[in-house]
Structures are given as structure tokens and as C-alpha cells.
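Numbering (my numbering), first residue to last: 2 to 190.
Scroll down for the structure; my scribbles are underneath it.
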Amino acid sequence: MQQHVERVLIDREAIARRVGELAREIAADFRRELPGDVPEITLVPILTGSLIFVADLVRQLPLMMRLRMVTVSSYPGQATSSEGAKIEGRLPEDLSGQHVLVVDDILDSGNTIRLVRAELLKRGAASVRSCMLLRKQIPSAMAEHADYVGFEIPDAFVVGYGLDYDGYYRNLADVVTLKADILGEGEAT
Ligand code: IMP
Ligand code: MG
Numbered sequence: 002m003q004q005h006v007e008r009v010l011i012d013r014e015a016i017a018r019r020v021g022e023l024a025r026e027i028a029a030d031f032r033r034e035l036p037g038d039v040p041e042i043t044l045v046p047i048l049t050g051s052l053i054f055v056a057d058l059v060r061q062l063p064l065m066m067r068l069r070m071v072t073v074s075s076y077p078g079q080a081t082s083s084e085g086a087k088i089e090g091r092l093p094e095d096l097s098g099q100h101v102l103v104v105d106d107i108l109d110s111g112n113t114i115r116l117v118r119a120e121l122l123k124r125g126a127a128s129v130r131s132c133m134l135l136r137k138q139i140p141s142a143m144a145e146h147a148d149y150v151g152f153e154i155p156d157a158f159v160v161g162y163g164l165d166y167d168g169y170y171r172n173l174a175d176v177v178t179l180k181a182d183i184l185g186e187g188e189a190t
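Printed below as a string of C-alpha cells:
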């Protein structure tokens, strides 16, 4: 697996530092903006890509929270460009009064976060904020609102720390690019 790596874009130490910073920022904002001594939030991780990020993040968030996972697929199989987002998980019908933090691995076309945000608001969420580990420096991603962004990265297909290619490489500890021959014939975006 390691031999498939072209380049380490963000190493595990940098990720750990940034996740700590994001947690402190998020906790401070929610404490300031929401009522109560220990604010209560609903955390919505978008699976499967945010799995590892969210596990690290929530353990540093001293807030009362419930996790409501959703699964959104947008890169089926070996595709490396978005083919339209589709919610596969189930969200509770009623989220009225809940302050939601959506967590995803990467902001690319923006289809996923737009779809999830719309669904959450439809179910009555009082507020919806978003936290993305990565954002690609491409117009579609830069134009999309995100409350918290871990890292801005060049327009490359990346894997590791939860992100996959054809379901693999999620368990790499760093965010990396893959060698061209692994990504297949001219498929990479
Ligand atoms: P969007 O809907 O195009 O913004 O893309 C968001 C989803 O596409 C993310 O949650 C990822 O699952 C997937 N994705 C986008 N870019 C990459 C990438 O470079 N590597 C792996 N997955 C990606
Ligand atoms: Mg995803």
C-alpha cells in the first residue's frame, strides 16, 4: 500500500495539530453562540470518508452531543470525479431546535454538503454549520460556504485519513496522492 503513494501532502503530525485547533475553535464558537453552560449539538458525520477525522475531532470537543451518521455516495467505485451526490443513510425526520455540525472529509464539487444541508434544514434544524477537513482550491469548492476548514489543498485526488480510492487507502495515516498507474488510465482529475 505504501508503495502506491506518490507524495505525502499532509502528514499525520500536521493533521493532529490542526484537528486540535479546529476543536478549540468550534468549542469556543458554540459556547459563545449557543445557550447553556455546556451547549448541546447534533453532530452529523458524512460517512464513510469522515470516519477517522470525526473520531479524532469529537474526542476533543467538550460539548454535549449526539451523533447522527449519514452516508452519501458521490464517487462510486473507481471514479475520481464526482458523479452526483446521493444520501443513503437515514436522518431522523425531526431535527427541530437542534444545532447541527456536519463533518465531512473534503469539499470538492460542493454537491454533498449542499444536499445534506438542505435535508437538515428541511427537517427543522435550528442551525447548520459545516466542518471540512480538506477543501480543494477549485472554484466550486472555494465558492461553497464552510464554517471550518482544516486545510486547503491543490486540485489533486487524495487518499488517506479516511479518504478512499475504490474503497481502499482509508487507513493511511497521512493525506497523500497516489501514483498515476494506480489511479488508472487518465481517469484522475
Ligand atoms: P463533493 O460532493 O464533490 O464536494 O465531494 C465530496 C465527497 O467526494 C467527499 O465526501 C469525498 O467522499 C469525495 N471526494 C472528493 N474529492 C476526493 C478526493 O480527492 N479523494 C477522495 N474522495 C474525494
Ligand atoms: Mg465522502
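Yeah, the Cβ is synthetic: ideal placement off N, Cα and C, and Gly gets one too.
**Request:** Might you give, ordered along the chain, the residues of its own chain that have their beta carbon closer than 7 Å to the beta carbon of Arg32, omitting 5 neighbours on each side?
**Result:** Excluding sequence neighbours, Arg32 sits near Pro40.
**Item:** Cβ-Cβ distance between Val101 and Ala86 below 9 Å
**Value:** No; because the gap between Cβ atoms is not below 9 Å, this pair is not in contact.
**Item:** Residues sharing a beta bridge with Arg171, DSSP
**Value:** None, per the DSSP bridge assignment.
**Request:** Might you give, ordered along the chain, the residues of its own chain that have their beta carbon closer than 7 Å to the beta carbon of His5, omitting 5 neighbours on each side?
**Result:** The residues Leu179, Lys180 and Ile183, in chain order, have a CB closer than 7 Å to that of His5 in the same chain once the five nearest residues on each side in sequence are set aside.
**Request:** Counting only runs of 4+ residues fully inside the segment 127 to 172, write out the alpha helix (DSSP H) ranges in chain order.
**Result:** Within the segment 127 to 172, the complete alpha helix (DSSP H) runs of at least 4 residues are 140 to 143.
**Prompt:** Going by other Cβ atoms of all chains shown within 10 Å of its Cβ, with 16 needed for buried, is Lys123 buried or exposed?
**Reply:** Note on Lys123: under 16 other CB atoms within 10 angstroms of its CB, so exposed under the neighbour-count rule.
**Prompt:** When every heavy atom of ligand 1 is checked, does at least one fall within less than 8 Å of the C-beta of Lys87?
**Reply:** Because no heavy atom of ligand 1 lies under 8 Å away, the Cβ of Lys87 does not count as near it: no.
**Prompt:** With respect to the alpha helix (DSSP H) encompassing Arg33, which residues constitute its N-terminal and C-terminal limits?
**Reply:** Note, Arg33: alpha helix (DSSP H), Arg13 to Glu34.
**Prompt:** Apart from the five residues on each side of it in sequence, which residues of its chain come closer than 7 Å, Cβ to Cβ, to Leu62?
**Reply:** Closer than 7 Å at Cβ, skipping near neighbours: Ala24, Ile27 and Ala28.
**Message:** Looking at Val104: is its Cβ nearer than 9 Å to the Cβ of Leu58?
**Reply:** Yes, these two residues count as a Cβ contact at 9 Å.
**Request:** Measure the alpha-carbon distance for Glu145 versus Ile107 and round it to whole angstroms.
**Result:** Roughly 12 Å separates the two Cα atoms.
**Prompt:** Taking C-alpha atoms, which residue in Tyr170, Glu153 and Gln138 lies nearest to Gly161?
**Reply:** Nearest option by C-alpha distance: Tyr170.
**Prompt:** What is the C-beta distance between Ile139 and Asp156, in whole angstroms, given that I count them as a contact (C-beta under 8 Å)?
**Reply:** Going by Cβ atoms, the distance from Ile139 to Asp156 rounds to 5 Å, so yes, they are a contact pair.
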